[in-house]
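Student: Going by this note's numbering, the sequence shown opens with residue 28, and the numbers climb by one from there.
Quick reminder that beta carbons are idealized off the backbone N, C-alpha and C, glycines included.
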Amino acid sequence: MSSFPRIPPEALNVLREGQLIDAIKITREQTGLGLKESKDLIDRYLQEHPQEQAHVQEQLAQKSRGGIKFIFFIIVILAVLIWFVVK
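#1: Would you mind stating whether G61 and K90 have Cβ atoms separated by less than 8 angstroms?
#2: Which stretch, first to last residue, makes up the alpha helix (DSSP H) that contains K90?
#3: Report buried or exposed for V83, applying the criterion of at least 16 other Cβ atoms within 10 angstroms of its Cβ.
#4: Return helix, strand or coil for Q57, following the three-state DSSP convention.
#5: If you measure between the beta carbons of T58 and I69, is that distance less than 8 angstroms?
#6: Cα separation between H76 and K96?
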């Protein structure tokens, strides 16, 4: 038997969707590990699987770009509204 707990399949699924925090939460809940140990387990998995690490990083980057686009859109809408009010 391995001395290291395994990452639950549900955690791997959400990790592959770029949901790193959710993967850590699921690992913590299903293994009984603490927060640091769960994060370390996920980090170790990503270090041992570089292709998955690259995929997760790309998913996180896409989510970040989506958030920036949304904020920019809101700023443009506010600027247009302010322009109409001042005009």
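Tutor: Reading from the atomic positions:
#1: no
#2: P77 to V113
#3: buried
#4: helix
#5: no
#6: 31 angstroms
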